[in-house]
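The numbering used here puts the sequence shown at residues 399 to 752. Before any comments, here is the structure.
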Amino acid sequence: MLGNLLDAYRATGAELPGGDLLGARGVSMDGWFWRITDAAHGRVAILLAGVNTPRRGPVWGIAGLAADSRTAPPLLTTAHLPAATAARHGVRVEMSGESGSLHGSDSALDVRLGNAHLTARLDEVHRWQGRLGGSSVFQVVPWMNQYWHPWALGGRVSGSLVTPDDRWEFTDAQLYAEKNWGRGGFPTAWWWGQAQGFAEPLACVAFAGGAIHLGRPGRDARLTTEVTGLVVRTPDGNHLRLGNPGTSPVRANVTSRDGQDSWLLDGGNRHWRVRVAAHAPSRESFVLPVPLVEQGVLTPGALEHQLGTLEVTLWRDGRTYWQGTSRTAGLELGGIGRSAEELARRDGSPLPQH
């Protein structure tokens, strides 16, 4: 009886403190994301995997591989993969189809999409600390449209990325990984960022925010609010998580003007305050697709930067605790159906075909 109740509770998207936040939940969208930062060579690669479960129709997957560097053309390749499965506990995702294949876990990656092939081994993974995850108190609330958990805030990556234009061998790159899921797919609007490559090798910064809806599907009475979660792994290895309304709120301001996209976040609690200022040239963004789960298709969804600049300042009890700068930051601004229009308005470029 207790097991059935827990399964029903998890099926709403929620999770009890200390529960498994990494496995598939069978909600509308389960997503996994890995980011590899090789700051010494000024290059970054990302891998995304989404298992989509519509109310009617078969489960289907989305896979994406992107890379950017200061010396080679950027890469973006995505695919709709009809065969997609994921373990209910832990990180184990498998996808396949005519467009490619993907195998992802907490120890290894192997993805073939188009003419690109990424293989990687993940070692010395620094996992999230604490009984509540990245969504913090919202983790236990059922029927939210989106949950977020950055489960790996460091680690060592070795492997290779082969593309038609380049071959990237890496032996000591940095790892970041997260899980996101929700009963309603992606929010109508969101902002996101992640950075390593600081002078201090243990440091890591990640944030995610958006329009959050609470309430059972199909019900008219729902609560809508905007929430931003901000996570810092300090150079001495400690974790700081802000973003709870009332106790540690984070204010976020995202703008795009004069050829620059900018993200400004400020948050704190009784003892800590964090300020994040990030920016990147608008023309260097590319479009990431997101799934429309019920329709079984991909749509333009987010403007993504891979080599942005992010500056972070951390105060403890009014005194400066740490300041750091990364020039390999990932920065994102999302909104269903809006990104293609914004891209065209910026530089007239056609939307990449996926």
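Beta carbons are placed, not taken as given, at the ideal position from N, Cα and C, and that holds for glycine. Keep in mind the model is a prediction, meaning the values are calculated, not measured.
C-beta contact flag for residue i and residue j at 7 Å
i, j, result
"Glu730", "Glu692", "no"
"Asp436", "Ala571", "yes"
"Ala477", "Gly498", "yes"
"Ala412", "Val489", "no"
"Gly416", "Arg581", "no"
"Pro548", "Glu598", "no"
"Trp670", "Leu638", "yes"
"Thr586", "Ala609", "yes"
"Gln592", "Arg433", "yes"
"Ala601", "Ala676", "no"
"Leu507", "Ala514", "no"
"Ala485", "Gly421", "yes"
"Val442", "Asp466", "yes"
"Ala604", "Val629", "yes"
"Thr711", "Arg673", "yes"
"Trp579", "Val425", "yes"
"Leu543", "Pro689", "For the sequence presented, residue 543 should be read as Asn rather than Leu. Against a cut-off of 7 Å, the Cβ pair of Pro689 and Asn543 comes out as no contact."
"Ala461", "Leu479", "yes"
"Ala447", "Val491", "yes"
"Gly694", "Trp430", "no"
"Met427", "Gly627", "no"
"Val732", "Trp588", "Here the sequence assigns Gly to residue 732, which means Val is not the residue at that position. Result yes, Cβ atoms of Gly732 and Trp588 sit closer than 7 Å."
Where residue i falls: helix, strand or coil (DSSP)
i, result
"Asp436", "strand"
"Gln592", "strand"
"Phe536", "helix"
"Asp405", "helix"
"Ala619", "Confidence at Ala619 is low in this model, with a pLDDT of 43, below 50, so its placement is unreliable and the value that follows should be read with caution. Ala619: coil per DSSP, three-state reduction."
"Ser503", "strand"
"Gly496", "Just to set this straight, residue 496 is Glu in the shown sequence, not Gly. In this structure, Glu496 counts as coil in the three-state DSSP scheme."
"Ser683", "coil"
"Gln658", "strand"
"Gln544", "coil"
"Asn642", "coil"
"Val425", "coil"
"Arg743", "Unreliable positioning characterises Arg743 in this predicted model, as indicated by a pLDDT of 47, which lies under 50. The coordinate reading is nonetheless provided below. Helix, per DSSP."
"Asp521", "strand"
"Glu567", "strand"
"Arg468", "coil"
"Thr797", "An answer regarding residue 797 cannot be provided, because it is not within the stretch 399 to 752 covered by the chain."
"Asn651", "strand"
"His487", "coil"
"Asn757", "Only positions 399 to 752 of the chain appear in this structure, which leaves residue 757 out of reach."
"Arg668", "coil"
"Asp634", "coil"
"Glu624", "strand"
"Glu576", "strand"
"Arg673", "strand"
"Phe431", "strand"
"Arg581", "coil"
"Gly553", "coil"
"Gly417", "coil"
"Gly528", "coil"
"Leu600", "coil"
"Gly455", "coil"
"Gln751", "Confidence is the limiting factor: at Gln751 the pLDDT is only 31, short of 50, which leaves the residue's position unreliable, though a coordinate-based value still follows. DSSP places Gln751 in coil when its eight states are reduced to three."
"Gly512", "coil"
"Leu561", "According to the sequence displayed, residue 561 carries Thr and not Leu. Coil, per DSSP."
"Ala587", "coil"
Status (buried if at least 16 other CB within 10 Å, exposed otherwise) for residue i
i, result
"Gln527", "exposed"
"Ser558", "exposed"
"Asp418", "exposed"
"Ala550", "buried"
"His524", "buried"
"Pro562", "exposed"
"Val625", "buried"
"His611", "buried"
"Ser646", "buried"
"Asp521", "exposed"
"Gly635", "exposed"
"Leu414", "exposed"
"Val535", "exposed"
"Gln594", "buried"
"Asp715", "exposed"
"Ser680", "buried"
Below-7 Å beta-carbon distance, residue i vs any chain C residue
i, result
"Arg554", "Here chain C cannot be found, since the structure has a single protein chain."
Output the residue ranges of the beta strand (DSSP E) runs that lie fully inside the stretch 689-740 and measure 3 residues or longer, sorted by chain position. Uninterrupted beta strand (DSSP E) stretches at least 3 residues long and entirely within the stretch 689-740 occur at 695-714 and 717-732, given in chain order.
Closer than 8 Å is the cut-off here; do at least three beta carbon pairs connect the stretch 560-576 with the stretch 636-655? Cβ pair count under 8 Å is below three, so no.
Does the stretch 658-674 come close enough to the stretch 705-717 to have 3 or more Cβ pairs within less than 8 Å? By the Cβ test, the stretch 658-674 is in contact with the stretch 705-717, since at least three Cβ pairs between them sit closer than 8 Å.
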